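**Q** Take this structure first; my questions come after.
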Amino acid sequence: MGTGHSVDSPVRVAHLGINSVISIVDDLLLEQIREYYCKNTSREYHNIGRTADDGRARRITAYLDLVHDIVQEKFEAIRQMDIFSNTEKDRYFNLLPVGSPLRDAYDYLKSMAPGIERNSLIHNLNERMKPGSIDVNIMAKVDRLSLDRNDVPLSKEFSDASAALRGYANSVVSSAVVLSAGFNPRLYGYLSEFRDFYRDTTGNIKKKIVLKVTDFRSAMIQSRFLAKSGIEISEFRIESGLNCGGHAFASDGHLLPVLLREFRDKREELVDAIRPMITRFYEKMSWDYPEAAMQDMPSITVQGGIGNHGEVRRLLDDYGMDSTGWGSPFLLVPEATCIDDPTVELLKNAGEKDLYLSNVSPLGIPFNNIRNSGSEVWTKIQSDTDKPGSKCPKGFLVSNTEFTENPICTASTEYQILKISSLRQSGLDTDELDRQIDGVTSKSCLCSHLGIGALMKLGIRKESYGRQAICPGPNIAWFDRTYTLDEMVDHIYGRRESLVPAHRPHMFAKELEMYVDYLEERLRQMQPGDQADYKKLMVIRNNLESGMDECMIIAEGPAYDGENLKSLKESIIRQRGRLLKMFPEMEPAV
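Following this line, the structure appears as structure tokens:
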């Protein structure tokens, strides 16, 4: 969802019981939003300056504490409302899925006659209400080591990821931190410094760990590493490697159906391998590990490209997922996300060809993007000047030391001028030189640009400033207007006519297509005679073939209501043909 698009989502929807995730990569953006909401809610604001001691952690803590307080105020106001009076309190319950305990209790109360028993049950229902979780996200590998005013590296706890974790740990919120974008031993080791990541005497964990993963092996490796320090994973969040928003961490061609089946079949292994390590740690620390906690199982959830209730049913019923995650469609729900008006119009009108896997990220990782965003337009204009790139106002993505002792960002003017000069002296032919220069100047200042849309929406920045970036998944092509929160929630739960057309390709079909596109591009970029790289591509190709076999079983079976299984079968046939053209030596003998 980027740094800005869900920056205030808890303020917007948590009082209605809806969970959301705030990226805490950009603490400077959080400080600007904190100032806005302090003024908006008549609170005193004290700036935590950019050079303040431990400023990054303190800014994050201050913002999360403010969000918590605002959410609690809005939630308590709802809880005090009369029930069955068509208020936000009734909306709270009506947004819940049918079959959930609170929704069932609410529906039962509606059928009761007024009286003492009903009043008692209403009181009980009030006590069971709770706001949505104020979760946070840390990209584990975005972990710049900060320098002091004399350019001397600070100690490791002041690295960007560690400081963000400390900011979250010191906040009052009881929620979860979503760790994404890879395995960071330094960050994972730092978790053990904070007691809130462990169970208390009642068995509760105040601050839970959600691990975003793309395969079972990485889930096992990371959870075992954390278990050595007694840290438990509360949720494994499986995400499609490509059919998602933001950075795309492609697997070796492992399609979702294969991954989900492995997690389903090996769910108990995750617990059996980890729990003894957890309990041994508690014993070593002379802490009690509550007996009731021995029965707890981590949730396994999935996200990435889900588009209708039929696909939700497939994921929950066939693969045993505990829940599903939806991101990009909520970019068109103004009640839930903070998007500037021009970008909302861009999203509404975007077709499949407007959404693409780009190379604009300074991290060098494929990035889901949309054509003609404010960021893309500004970056292109800059590329035609003698000072391409950005001034690098925030520096969260600095990593390159090709020309400098201290890392700089590949989207920065400094790097791009140095790199272009180097390329011009390399003796490349004109076409290849132009191609490589285009690759250099296409990098976008994502640190800053991903937050600008939120600043515009809140009136902190003028729309004329431009430069706003957004990173929707390709699924947004099938959502073509703005929606109310109720419309989108009802769509997810299958309680209304679908918001997407029946001919929308199945989520598994889209993922397959994207992986074949990805493989084709990798093959195109491969240097002639590079056998090592070719072997890697063959692994992807073989995994895709196995995944298509599994997808075909689904495609030829019964469909859930709304599932477009016809598109899945057609996609398998089409993508197999493409693979055969890419790897003609694999054609079976007649």
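Under this note's numbering, the residue at position 522 of the sequence shown is numbered 1937, and the numbers go up by one with no gaps. Glycine is no exception: its CB is placed at the ideal position from the N, C-alpha and C atoms. Remember, predicted model here, so these are calculated numbers, not experimental data.
#1: Hey, quick one: how far does the beta strand (DSSP E) through residue 1652 stretch, first residue to last?
#2: Secondary structure at residue 1623, three-state DSSP: helix, strand or coil?
#3: Which of helix, strand or coil does DSSP assign to residue 1896?
#4: Taking buried to mean at least 16 other C-beta atoms within 10 Å of its own C-beta, is residue 1995 buried or exposed?
#5: Please name the residue or residues paired with residue 1568 in a DSSP beta bridge.
#6: For residue 1473, which of 1579, 1493, 1979 has the nearest alpha-carbon?
#7: Could you say which of 1544, 1581, 1516, 1967 lies nearest to residue 1479 if we only look at CA atoms?
#8: With a CB to CB cut of under 8 Å and the five nearest residues on each side skipped, what residues in its chain are close to residue 1372?
#9: In chain order, what residues of the same chain lie with their CB nearer than 6 Å to the CB of residue 1600, ignoring the 5 residues before and after it?
#10: Which same chain residues end up closer than 7 Å to residue 2005 when comparing Cβ atoms and leaving out the 5 residues on each side of it in sequence?
#11: Applying the criterion that 16 or more other CB atoms from any shown protein chain within 10 Å of the CB defines a buried residue, is residue 1707 buried or exposed?
#12: Out of 1810, 1668, 1664, point me to the one whose CA is closest to residue 1780's CA.
#13: Take the Cβ of residue 1596 as the centre, count every other Cβ of all protein chains shown within 10 Å, and call the residue buried at 16 or more, exposed below.
#14: Would the segment 1741-1759 count as touching the segment 1897-1904 if we require 3 or more Cβ pairs under 8 Å?
#15: Quick test of your reading: residue 1575 and residue 1586, contact by CB under 8 Å. State the CB separation rounded to the nearest angstrom.
#16: Considering Cα atoms alone, identify which of 1656, 1705, 1799 is closest to residue 1772.
#17: Roughly how many angstroms lie between the CA atoms of residue 1669 and residue 1961, to the nearest whole one?
#18: Touching or not, the segment 1882-1889 and the segment 1779-1793, by the rule of three or more beta carbon pairs under 8 Å?
#19: Look up residue 1770 in the DSSP assignment and say whether it is helix, strand or coil.
#20: With 16 other CB atoms within 10 Å as the buried threshold, where does residue 1567 fall?
#21: Which residue wins for smallest C-alpha separation from residue 1793, given the options 1703, 1881, 1551, 1674?
#22: Run the CB neighbour count on residue 1840, radius 10 Å, all protein chains shown included, and call it buried at 16 or more, exposed below.
#23: Grab me the residues of residue 1864's own chain with a C-beta within less than 7 Å of its C-beta, minus the 5 sequence neighbours each way, in chain order.
#24: When burial is assigned at 16 or more other CB atoms within 10 Å of the CB, is residue 1529 buried or exposed?
#25: Grab me the residues of residue 1660's own chain with a C-beta within less than 6 Å of its C-beta, minus the 5 sequence neighbours each way, in chain order.
#26: Can you tell which of 1649, 1572, 1498 has the C-alpha that lies nearest to the C-alpha of residue 1536?
#27: Helix or strand or just coil, what does DSSP make of residue 1794?
#28: Assign residue 2004 to one of three DSSP states: helix, strand, or coil.
#29: Count the other CB atoms, across all protein chains shown, that sit within 10 Å of the CB of residue 1513; report buried if there are 16 or more and exposed otherwise.
#30: Touch check for the segment 1429-1436 and the segment 1506-1525: three-plus C-beta pairs under 8 Å?
#31: Between the Cα of residue 1565 and those of 1491, 1817, 1466, spot the shortest distance and give me the residue it belongs to.
#32: Check residue 1662 in the structure and name its three-state DSSP category.
#33: Evaluate contact between the segment 1939-1947 and the segment 1971-1978, counting only Cβ atoms and requiring at least three cross-stretch pairs below 8 Å.
#34: Pairing CB atoms from the segment 1915-1923 with CB atoms from the segment 1980-1987, are three or more of them under 8 Å?
#35: Just list the residues that DSSP pairs residue 1718 with in beta bridges.
**A** Looking at the coordinates:
#1: 1650-1654
#2: strand
#3: coil
#4: exposed
#5: 1562
#6: 1579
#7: 1581
#8: Residue 1372 cannot be examined here, being either before or after the span of the chain that is shown, 1416 to 2005.
#9: none
#10: For residue 2005, the pLDDT reaches just 42, beneath the cut-off of 50, and the residue's location in the model is therefore unreliable, although a value from the coordinates is still provided. Contacts found: none.
#11: exposed
#12: 1664
#13: buried
#14: yes
#15: The pair is not a contact, with the Cβ atoms about 17 Å apart (cut-off 8 Å).
#16: 1656
#17: 9 Å
#18: yes
#19: strand
#20: exposed
#21: 1881
#22: exposed
#23: 1790, 1882, 1883, 1884
#24: exposed
#25: 1742, 1743, 1783, 1886, 1887, 1888
#26: 1498
#27: helix
#28: With a pLDDT of only 45 at residue 2004, under 50, the local geometry of the prediction cannot be trusted, and no value is derived from it.
#29: exposed
#30: yes
#31: 1466
#32: strand
#33: no
#34: yes
#35: 1654, 1740
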